[in-house]
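Protein chains in written order, with the numbering used here: chain E, 14 to 230; chain W, 324 to 761.
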């Protein structure tokens, strides 16, 4: 059974998440703010932490930064109503393995928790859109080599990764992407986690700031 | 009652008289202009007020200065005349660039000023000993430079202003030292200066907390004011939007569908207000168009559209048509798919604008298109192909439908680089080969 810890400052949301996850997982604790969350996660050592991006006392980012190095086995899934790109990118770069909005349905949330617990990456269509936007807007100048890049480094998405992201943004599941591109689900997953790694490690400054600029090409 | 208002014969004649006399516009106020100043703008401002040529006024001031009255009058006016409000200047006189004269008029002015200065010097030497004149001139020049700098709106942050100020202080200081030295007062002044310095330092130290508190409270006050203004703006917006919606929701509490619709449209509106860039909110771009269209479709039909927009471009005719086709595709999902959710993904690249509308509904067999699907064929496919774009519909019974629309930016931006509209027509080719064609 997956052990889950829920961090959110709204009791209603915590109760709702608990109800939606139901008996499929073991909710080992809840916390409404950063200090309580840090303490609770330290003592319970859950498999997955559902982390609200906006929290009193430092935000989800504060919890992540306090515990990320200390508890490398804990997986983090950001859960938020915020669609501000800066917030999303910030938690992903701090180490979250995925991002889902609070409007997600119960089964989808459960699926996301399971996938994160298995070490996979969870891209909502919106997050995939953010990624495409970030990498294409910031890399506007060298747009041409993006397509046939063989060794793209951290700042560029390979053509395949871009395809996977586009299909994710179009609402395809990993399985559907696999059959569409004639590759296995495992390969899709590895593309997704590669993209996440690039998103976390790329030290391009624009990445965190691109959303602030107006997005005209 | 009506006759009392001055409509009698007398009133009428007065009316005629006043119309025949040209109504003099009010005299411009006596203010110092922001530009076009020679020293402090006193002469220029006075000239505007008197509706005279500034040169005349300047010469008059200069001539009066030889008797001393001009200087006193100039100084008094400098102190009392307010500076013109920005953008409120009556006479757009070309600004005098520093001391460099331009054209004959300004040469004349310079010569007159030179003559006046010489005669002033002569007067001064007559009044006092010859040694005092140079220091006095230095002090005067230093003061003029400092005043001139501090008088304008330029902040001290500008490097040039600071250097000029330092120069003025140096000039004035040198003059003062000379003055004291020539009159033999330097030693006395030094003692007095030291005593004053000690006193001032003591005073400053003693009252330091007071200054500190004054500064702090001023900052706090300003911060509080900004905060309260922001809060007022947010409160106004929330009142117009969220509170109204909450009131509506309370009234329709038993109608589940309309409550859901209200909540969702309000959520979208608030989210856009909080997070979307200004250009998107105010429309005129593709992202804004898509957001508005999704909002419309959601409120008209029982459909929840998850839309993701990558990139953006200004809306033109072709993009507006693409938007209309996209709306048609979404409405089709709402009407025929049998599900209440759709994914909309649109991407703007330098080459093309693509739109993907996907649902997980009933789907249909593309070969046996039912008659009610002609709408999709005509209004979506037809519209896009007429614009030189492509429309591709993937569907199978039970597997949902995906409509893919693409419009080359060559059409959009009119740069005529790409015209491969038919090339990737309605084959069922996977996306990979399409991308490779770029």
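Just so it is clear, CB atoms sit at the ideal spot from N, CA and C, and this is done for glycine as well.
Determine the DSSP secondary structure at residue i, reduced to helix, strand or coil.
i	result
residue 431 of chain W	helix
residue 333 of chain W	Unreliable positioning characterises residue 333 of chain W in this predicted model, as indicated by a pLDDT of 41, which lies under 50. The coordinate reading is nonetheless provided below. Helix.
residue 24 of chain E	helix
residue 159 of chain E	Any answer about residue 159 of chain E is weak, because its pLDDT of 40 lies below 50 and its placement is not dependable; what the coordinates show is given next. Reduced to three states, the DSSP call for residue 159 of chain E is helix.
residue 740 of chain W	Only weak support exists for where residue 740 of chain W lies, its pLDDT of 38 falling under 50; the value from the coordinates is given anyway. Of the three classes helix, strand and coil, the one that applies to residue 740 of chain W here is coil, per DSSP.
residue 274 of chain W	Since the displayed chain W opens at 324 and closes at 761, residue 274 of chain W lies outside it and no answer follows.
residue 358 of chain W	coil
residue 721 of chain W	coil
residue 326 of chain W	Low confidence applies to residue 326 of chain W: its pLDDT is 41, below 50, so where it sits in the model is not reliable, and the reading given next is rough at best. Looking at residue 326 of chain W - three-state DSSP - the assignment turns out to be helix.
residue 42 of chain E	strand
residue 484 of chain W	helix
residue 138 of chain E	helix
residue 644 of chain W	helix
residue 716 of chain W	strand
residue 687 of chain W	coil
residue 582 of chain W	helix
residue 639 of chain W	coil
residue 608 of chain W	strand
residue 146 of chain E	helix
residue 17 of chain E	strand
residue 407 of chain W	coil
residue 663 of chain W	coil
residue 83 of chain E	coil
residue 133 of chain E	coil
residue 490 of chain W	helix
residue 454 of chain W	helix
residue 589 of chain W	helix
residue 350 of chain W	coil
Which first and last residues belong to the beta strand (DSSP E) in which residue i is found?
i	result
residue 111 of chain E	111-114
residue 91 of chain E	88-93
residue 64 of chain E	61-65
Check this for me: beta carbons of residue i and residue j, under 8 Å apart or not?
i	j	result
residue 668 of chain W	residue 138 of chain E	yes
residue 109 of chain E	residue 77 of chain E	yes
residue 613 of chain W	residue 630 of chain W	yes
residue 367 of chain W	residue 377 of chain W	yes
residue 88 of chain E	residue 60 of chain E	yes
residue 374 of chain W	residue 363 of chain W	no
residue 174 of chain E	residue 208 of chain E	yes
residue 705 of chain W	residue 731 of chain W	no
residue 436 of chain W	residue 385 of chain W	yes
residue 589 of chain W	residue 564 of chain W	yes
residue 456 of chain W	residue 389 of chain W	no
residue 57 of chain E	residue 38 of chain E	no
residue 633 of chain W	residue 674 of chain W	no
residue 206 of chain E	residue 134 of chain E	yes
residue 684 of chain W	residue 646 of chain W	no
residue 114 of chain E	residue 144 of chain E	no
residue 676 of chain W	residue 652 of chain W	no
residue 141 of chain E	residue 172 of chain E	no
Check for me: the alpha helix (DSSP H) holding residue i runs from which residue to which?
i	result
residue 551 of chain W	531-561
residue 630 of chain W	First-last for residue 630 of chain W: 627-633, but that is the beta strand (DSSP E), not the alpha helix (DSSP H).
residue 174 of chain E	172-182
residue 120 of chain E	119-130
residue 36 of chain E	Where residue 36 of chain E is concerned, there is no enclosing alpha helix (DSSP H), given that its DSSP letter is neither H nor E.
residue 106 of chain E	98-107
residue 204 of chain E	198-214
residue 396 of chain W	392-403
residue 369 of chain W	365-373
residue 74 of chain E	72-80
residue 186 of chain E	Per DSSP, residue 186 of chain E belongs to no alpha helix (DSSP H) and is neither H nor E.
residue 570 of chain W	567-574
residue 49 of chain E	47-57
residue 709 of chain W	706-709
Using the DSSP secondary-structure output, state which residues sit across from residue i in a beta bridge.
i	result
residue 677 of chain W	W/670 and W/729
residue 682 of chain W	W/665 and W/724
As a quick exercise: from the options, pick the residue whose alpha carbon is nearest that of residue i.
i	options	result
residue 661 of chain W	W/358, W/448 and W/686	W/686
residue 21 of chain E	E/33, E/38 and E/43	E/43
residue 434 of chain W	W/558, W/391, W/381 and W/720	W/381
residue 709 of chain W	W/642, W/650 and W/654	W/642
residue 569 of chain W	W/555, W/554, W/557 and W/587	W/587
residue 637 of chain W	W/628, W/610, W/616 and W/502	W/610
residue 465 of chain W	W/357, W/484, W/473 and W/490	W/490
residue 211 of chain E	E/178, E/191 and E/192	E/178
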